[in-house]
Structures are given as structure tokens and as C-alpha cells.
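J.:
Numbering (this note's numbering), first residue to last: 2 to 312.
#1: Count the other CB atoms within 10 Å of the CB of residue 311; is the residue buried (16 or more) or exposed (fewer)?
#2: Where does the unbroken alpha helix (DSSP H) through residue 178 begin, and where does it stop?
#3: Counting only runs that start and end within the stretch 74–123, where is the alpha helix (DSSP H) found for 4 or more residues in a row?
#4: Name the two residues that bound the continuous beta strand (DSSP E) containing residue 208.
#5: Does DSSP put residue 131 in a helix, in a strand, or in coil?
#6: Decide if residue 305 is buried, meaning its Cβ has at least 16 other Cβ atoms within 10 Å, or exposed.
#7: Could you tell me which residues DSSP pairs with residue 200 in its beta bridges?
#8: Are residue 274 and residue 181 touching if we call contact CB-CB under 7 Å?
#9: Between which two residues does the beta strand (DSSP E) harbouring residue 282 extend?
#10: In terms of alpha-carbon separation, which member of 164, 302 and 195 lies closest to residue 1?
#11: Taking only three categories from DSSP, how would you classify residue 67?
#12: In the DSSP assignment, find the unbroken beta strand (DSSP E) run with residue 231 in it and report its ends.
#13: Per DSSP, residue 167 is paired with what?
#14: Do residue 128 and residue 106 have their C-beta atoms within less than 7 Å of each other?
#15: Measuring only the C-alpha atoms, how far is residue 59 from residue 102?
#16: Could you check if residue 247 is buried or exposed, using at least 16 other CB atoms within 10 Å of its CB as the buried criterion?
#17: Tell me the rounded alpha-carbon separation between residue 124 and residue 162.
#18: So, with DSSP's three-state summary, where would you put residue 143?
#19: So what does DSSP say about residue 248, is it helix, strand or coil?
#20: With DSSP as the reference, please indicate the residues paired to residue 55 in a beta bridge.
#21: Enumerate in chain order the residues of its own chain whose CB-to-CB distance from residue 119 is below 6 Å, with the five nearest sequence positions on each side excluded.
#22: Give a yes or no on contact between the stretch 220–240 and the stretch 261–271, applying the rule of three or more CB pairs nearer than 8 Å.
#23: Less than 7 Å between the beta carbons of residue 69 and residue 177, yes or no?
#24: Which stretch, first to last residue, makes up the alpha helix (DSSP H) that contains residue 257?
#25: Comparing alpha-carbon positions, which option in 156, 146, 9 and 83 lies nearest residue 115?
#26: In or out: residue 152 buried (at least 16 other Cβ within 10 Å) or exposed?
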């Protein structure tokens, strides 16, 4: 039987100490993240044309930190962004909501974004930030996270609310998502919901995800998809930069969310809502898709993809 690694020993000791609110952490993991990422996937050659930077605002502007919830949305400006934004506008959360959209690359969805923002409710505001270039090494930027570079980190800092939730521009929320997350955050530092898998062509719900994004477990394991996550950004400030740092020797460059989950689960107090309020659209080109298809069942997946005849 092989000897455990240093990381495994540290994790084992931390597990024993967790009931006493004590942990052991290597300083290098906290302060030299980029030096420890190891070999990362080589990005494809990029030849994106330059584009003008812009900052646009929609809805009623706030003054300082007077929003009750902020929503961070890194975006490739997919046309589905209109559906994502409208699901934010449809929330039954009674407070003021600020949505921050960060553009990683200029897709065809700017018109859909602007059309959705014309329906922005009085208690919502949207800020759209495009720096004019990608911060991700995938598209010629400096930072190793392929899924948005530093956008989640930067937009979380910009958010004018302590409570921050995350949503990708191809997914959407049930109307009670933010209100349930706010209740779960009460007395806690982070919160999570569950999610439904959605077929990528029919956009019909396939099933609830009962094996992948299931929240933090008592033993410190588990995973929370970013679309299902909310944090108190001041209490959890130490983890924010890890949104831009993938796992050591990552094969995809898109697994920084695993870093976030490990740190939140082992160092902060979290609570789940117990409800699946996120609709997560599957991508058939995703490396996880074959395993998901096996769990769902090919017949159920195919049936969910059938178009419902118009009435």
C-alpha cells in the first residue's frame, strides 16, 4: 500500500480537527497558488479580432453597497443570455438585486442581452463590463482558468452586496432561487442549492442531479456547481482569487470551481437549501457527458430531447 501524500496527511488531520474549528494549512497553498498549478492544458492558437471595451448599465443605479443580493455572470454573450437574465428578473426575492455581466469574448448575444434588460424590474440593475479582451489564457489572456479568466473574481469584488450568487449565461434559475439562498445564508458564510439537468436541444428538464452537484458532505467532500452557489463575499474573501486558478495539473483548465468548493467546505460554514432551483443545460461536448449519460440512461435522455408538438 503506497504511503499517503503530504496533502492526504494534511486533509486527514484537518478532518480530525474540524469539530474543534482548527485546521492545518500549508502557507504555499494560500499565497503561491500560481506557482503550484503544475502543467496546464496548452490553449489553442487564438486569433480573435480586437474589440472596443465598454461599460453599460441598465435599470436603477444604486448608491454604494445598498443591494441585497448580487448576481455574477461571466459571459461569452451566447444568445441564451436573455433567458438567463429574465430568470434573474423573475426572482421573488423582495430586495434590490444587482447583476454584473462580464464579457470574456464577444458572441452574438448582445442584442438578446439588451432586449432582456429593457424588461429590467424597478428593484433590479444590470452592469455589463467588457474590457475589450479576454483575461483567460484560452483566448490570449494571462490567467490559466479557461472558463472566464478572472471575471468571477473581479466581478465578485465589484459587487455592491455582501451576498453574491453565480449564474452562467446558458443556464437559468427557478423564481424562488435567490430567496431560498438568502434564507440559507442567514447565520452561514456560504450556501448551495441543487440542480436539474436540461436537454441541450429541447430545453426540457431531464432529471435532478443526484450524484454530481450535491453540496458539501459531512466528511468535507462533495461538489457545488457555480450556478448553485452563493457566498458572503466578505466572510469568504480569502477564496475569491481561486476562481481564476484551476486544479494542479488540470486537464481542462475549467476546474477552478473544485478549488472553491474544497476551500469553502473545509474552512467556512455552509448550508444547503434542499431544493433544486437551478436549470443546468448539458453540453454534449463536455468531458463529463458520457458519465452523465450513463447515470441518466440513454433512453431517458433521448426522450427528453424530443420536441413537444405545438398545441
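Built from N, CA and C at the ideal position, the CB exists for glycine as well.
T.: Quick answer:
#1: Residue placement at residue 311 is poorly supported in this model, since its pLDDT is 44, which falls under 50; the coordinates still yield a value, given next. Result: exposed.
#2: 178–186
#3: 82–90 and 111–118
#4: 206–209
#5: strand
#6: buried
#7: Paired residues: none, contrary to the question.
#8: Yes, the pair counts as a contact, with Cβ atoms nearer than the cut-off.
#9: 271–282
#10: The displayed coordinates of the chain run from 2 to 312. Any statement about residue 1 would go beyond what the structure contains.
#11: coil
#12: 230–233
#13: 73
#14: no
#15: 11 Å
#16: Buried.
#17: The alpha-carbon atoms of residue 124 and residue 162 are separated by roughly 14 Å.
#18: Coil.
#19: coil
#20: 131
#21: none
#22: yes
#23: Contact: no.
#24: For residue 257, the enclosing alpha helix (DSSP H) stretches over residues 257–268.
#25: 83
#26: buried
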